[in-house]
Amino acid sequence: MRPITGTARGIKNTGVGLSTTLRSFLGRNITEQYPEVKHAVMPRFRGRHKLHLHANGLEKCVGCSLCAAACPADCIRVVAAENTDEHRVSAGERYAQVYEINMSRCIFCGYCEMACPFDAITLGNDWELADLNRDQMVYTKDMLLADPPIKDAYGMNRRAVTRPERDFDSALPVWLEETVSREAAQRRATDGGGKR
Amino acid sequence: MELTEIIGLFLKAFLIGNLIMLVFALMTWIERRLLSFFQYRLGPNRVGPFGLLQPIADLLKLIRKENFQPDSVSSLMHLLAPLATLFFALAAFAVVPFGISDWNIFGWHTAPGMAPDLDVGVLFAIAMSGLGGYGVIVGGWASNSKYALLGALRACAQLISYEVSLTLSILPIIMMTNSLSMSEIATGHIGWEIGSWHPWFIVWAPAGFVIFLLSALAEANRAPFDHAEAEQELVGGFHTEFGGLRYAAFANAEYLHLFAISAIGVTFFLGGPTIPFLSDPNSVEFWGLSWGALLGLTSFLVKMAMFLFLFIWIRATVPRLRYDRLMRLGWKALLPIATVQVLVTALLVSQGWGKV
């Protein structure tokens with residue numbers, strides 16, 4: 008008896024399996040055709056950062072570096088400078104002369120927007136941040152102030168700022184290396200070569 | 003045989019052979035698309051309209067690959083194995099009847115298939131389909147690799163086990179038609195009736211059909227019987243050490259094998275190129291032409307497509323059997339049932355029940 012019941016069970020189960028797959032065959036597919044159809048993210052999705060302006064065109068960022076202090080990935084670099092009457096950039100006393108976010112380090116935690124006392128920085132909905140070069144992952148202030156950039160044919164960000172081409176990767180952006188090496192030399196000189 | 007006839011036969015074989023190759027290319031795309039649909043996906047749809055040029059892209063990729071051969075392999079066998087598999091898979095098509103009556107090509111009457119109709123067509127088809135296994139075994143052995151050898155051993159054991167059931171499953175029909183010619187078997191169901199109805203042989207031998215289906219899957223190394231190349235267990239099985247066009251030859255042969263087995267199944271169980279409720283397709287005439295040959299061919303290809311869809315459907319559904327269960331199914335289930343089927347049919351034939 009056992010072979011017969013077993014065979015019957017096997018045939019029944021195979022039939023159930025076949026009908027299940029046939030149902031999925033007739034059902035609607037769930038593939039998203041990515042480059043043509045882009046997945047809509049939720050409104051509070053944390054994507055590419057954006058620096059905001061006041062209605063009168065002045066920057067909200069006052070260069071306080073609280074975002075850089077809050078950043079667990081240490082990917083924000085702010086260099087502040089004084090506003091003058093001739094050269095007024097932000098609404099406060101100082102403004103961010105340099106505001107850079109290294110997108111390849113950023114973990115999109117949103118601590119920077121929580122830390123910001125002026126709501127100058129928020130995380131937006133733009134998530135197509137892939138690029139071909141590590142240097143290009145450092146977003147400068149003009150890029151963060153602008154709307155999400157236009158993509159080129161490869162879906163890569165079309166740069167607002169052109170930088171010297173490098174054929175090797177570097178831990179630091181090209182335009183920083185000189186400054187950093189000078190600072191390091193100064194530090195070595197003041198410390199007298201000893202360990203801190 | 004006249005020279006013109008030989009040239010004509012050669013041209014016909016060349017054309018049909020290449021058409022089959024074209025269908026193979028299409029089949030890789032169809033299978034990937036259908037499998038995707040079974041899994042709520044879309045499959046390759048980027049190259050050309052609906053992804054139809056995907057096979058060409060795949061082919062270009064494989065052609066451009068290095069014709070690599072590992073140091074330790076037996077080089078002649080390593081080269082010959084894919085070619086042999088391909089040759090035998092294609093040779094099995096020689097006796098497949100793609101039409102009922104002769105094909106009339108500009109007044110030249112010829113058998114509806116690649117070769118002249120053989121009196122022992124069934125034996126030839128089964129033999130070629132079995133010989134295809136040699137390519138797999140030799141390829142796996144010549145590779146001098148554990149995985150390839152294991153794959154080849156599995157293929158070998160599987161082939162022996164299921165070849166028996168395959169042949170036994172079609173034996174009742176050979177007994178009923180009293181012929182080994184594929185074209186006579188294709189139209190053989192006319193000679194048998196239930197009431198005034200001439201059903202296909204699938205009605206006369208339903209158990210045989212199921213056994214044939216399972217054995218065909220095993221013969222063609224298809225899921226759920228793809229133990230010879232089981233990716234998850236044996237890397238690539240017998241074709242682990244093959245790349246580029248040599249691998250393509252194996253893949254090609256596997257699909258051709260599948261086509262050949264489907265064609266044999268259609269010929270035996272689904273009435274071949276005959277059309278239900280249309281006893282004489284040659285009587286269909288319009289525009290002053292007889293469309294019998296084309297109708298027969300279409301009927302045959304539609305039935306083959308049904309077979310192939312079933313194979314893909316099964317591949318999308320059933321997981322691979324454990325190897326000992328594969329053997330148990332082959333020897334302890336399919337073989338006895340097939341034997342009983344043969345005995346029952348022997349009774350039927352000897353008593354002449356249902357014979358016209």
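Taken in sequence, the protein lines are chains A and B. Residues in the first sequence are numbered consecutively from 8, following the numbering used here. Residues in the second sequence are numbered consecutively from 3, following the numbering used here. Think of the CB as a built atom: it goes at the ideal place given N, C-alpha and C, for glycine as much as any other residue.
Determine the burial state of residue i: buried for a count of at least 16 other Cβ atoms within 10 Å of its Cβ, exposed for fewer.
i, result
"residue 108(A)", "buried"
"residue 202(B)", "buried"
"residue 156(B)", "buried"
"residue 222(B)", "buried"
"residue 75(B)", "buried"
"residue 27(A)", "exposed"
"residue 98(B)", "buried"
"residue 225(B)", "buried"
"residue 148(A)", "buried"
"residue 46(B)", "buried"
"residue 44(A)", "exposed"
"residue 198(B)", "exposed"
Whole angstroms are fine: how far does the CA of residue j sit from the CA of residue i?
i, j, result
"residue 216(B)", "residue 133(B)", "19 Å"
"residue 13(A)", "residue 20(A)", "10 Å"
"residue 313(B)", "residue 264(B)", "9 Å"
"residue 190(B)", "residue 57(B)", "38 Å"
"residue 275(B)", "residue 102(B)", "6 Å"
"residue 29(A)", "residue 315(B)", "8 Å"
"residue 227(B)", "residue 214(B)", "14 Å"
"residue 133(A)", "residue 85(A)", "22 Å"
"residue 254(B)", "residue 131(B)", "14 Å"
"residue 91(B)", "residue 256(B)", "8 Å"
"residue 152(B)", "residue 331(B)", "20 Å"
"residue 68(A)", "residue 81(A)", "18 Å"
"residue 306(B)", "residue 150(A)", "60 Å"
"residue 189(A)", "residue 122(A)", "31 Å"
"residue 235(B)", "residue 100(B)", "39 Å"
"residue 55(B)", "residue 279(B)", "38 Å"
"residue 83(A)", "residue 74(A)", "7 Å"
"residue 36(A)", "residue 69(B)", "38 Å"
"residue 344(B)", "residue 34(B)", "38 Å"
"residue 72(B)", "residue 259(B)", "27 Å"
"residue 350(B)", "residue 42(B)", "47 Å"
Thinking just about the alpha-carbon of each residue, which of the options is nearest to the one in residue i?
i, options, result
"residue 86(B)", "248(B), 266(B) and 324(B)", "248(B)"
"residue 208(B)", "127(B), 339(B), 15(B) and 51(B)", "339(B)"
"residue 358(B)", "199(B), 194(B) and 272(B)", "194(B)"
"residue 119(A)", "62(A), 77(A) and 53(A)", "77(A)"
"residue 210(B)", "198(B), 246(B), 186(B) and 173(B)", "173(B)"
"residue 327(B)", "159(B), 32(B) and 154(B)", "159(B)"
"residue 163(B)", "354(B), 353(B), 345(B) and 334(B)", "334(B)"
"residue 32(B)", "310(B), 321(B) and 319(B)", "310(B)"
"residue 89(A)", "97(A), 83(A) and 48(A)", "97(A)"
"residue 142(A)", "64(A), 112(A), 129(A) and 193(A)", "112(A)"
"residue 94(B)", "127(B), 251(B), 150(B) and 308(B)", "127(B)"
"residue 34(A)", "44(B), 60(B) and 30(B)", "44(B)"
"residue 269(B)", "67(B), 88(B), 187(B) and 121(B)", "187(B)"
"residue 18(B)", "29(B), 49(B), 96(B) and 40(B)", "96(B)"
"residue 252(B)", "73(B), 8(B) and 82(B)", "82(B)"
"residue 111(B)", "71(B), 70(B), 26(B) and 10(B)", "10(B)"
"residue 57(A)", "192(A), 193(A) and 146(A)", "146(A)"
"residue 62(A)", "127(A), 144(A) and 192(A)", "127(A)"
"residue 18(A)", "161(B), 212(B) and 80(B)", "212(B)"
"residue 319(B)", "8(A), 9(A), 24(A) and 11(A)", "24(A)"
Would residue i count as contacting chain A if we go by Cβ distances under 8 Å?
i, result
"residue 353(B)", "no"
"residue 315(B)", "yes"
"residue 43(B)", "yes"
"residue 318(B)", "yes"
"residue 39(B)", "yes"
Indicate whether at least one CB of chain B lies closer than 8 Å to the CB of residue i.
i, result
"residue 91(A)", "no"
"residue 203(A)", "Interpretation of residue 203(A) is limited by its pLDDT of 42, a score under 50 that renders its predicted location unreliable; the figure taken from the coordinates is listed afterwards. Not one chain B Cβ lies under 8 Å of residue 203(A)."
"residue 36(A)", "yes"
"residue 4(A)", "This structure cannot speak to residue 4(A), because chain A is shown only from 8 to 203."
"residue 24(A)", "yes"
"residue 12(A)", "no"
"residue 32(A)", "yes"
"residue 28(A)", "yes"
"residue 21(A)", "yes"
Under the assumption that residue i contacts residue j (Cβ atoms under 8 Å), give the Cβ distance between them as a whole number of angstroms.
i, j, result
"residue 131(A)", "residue 55(A)", "5 Å"
"residue 110(A)", "residue 152(A)", "Not a contact, Cβ separation roughly 15 Å."
"residue 243(B)", "residue 154(B)", "Their Cβ separation, rounded to whole angstroms, is 11 Å, which puts residue 243(B) and residue 154(B) out of contact at 8 Å."
"residue 337(B)", "residue 167(B)", "5 Å"
Report whether the distance from the Cβ of residue i to the nearest heavy atom of the ligand SAM is below 7 Å.
i, result
"residue 124(B)", "Here there are no bound small molecules, and the ligand SAM is not part of this structure."
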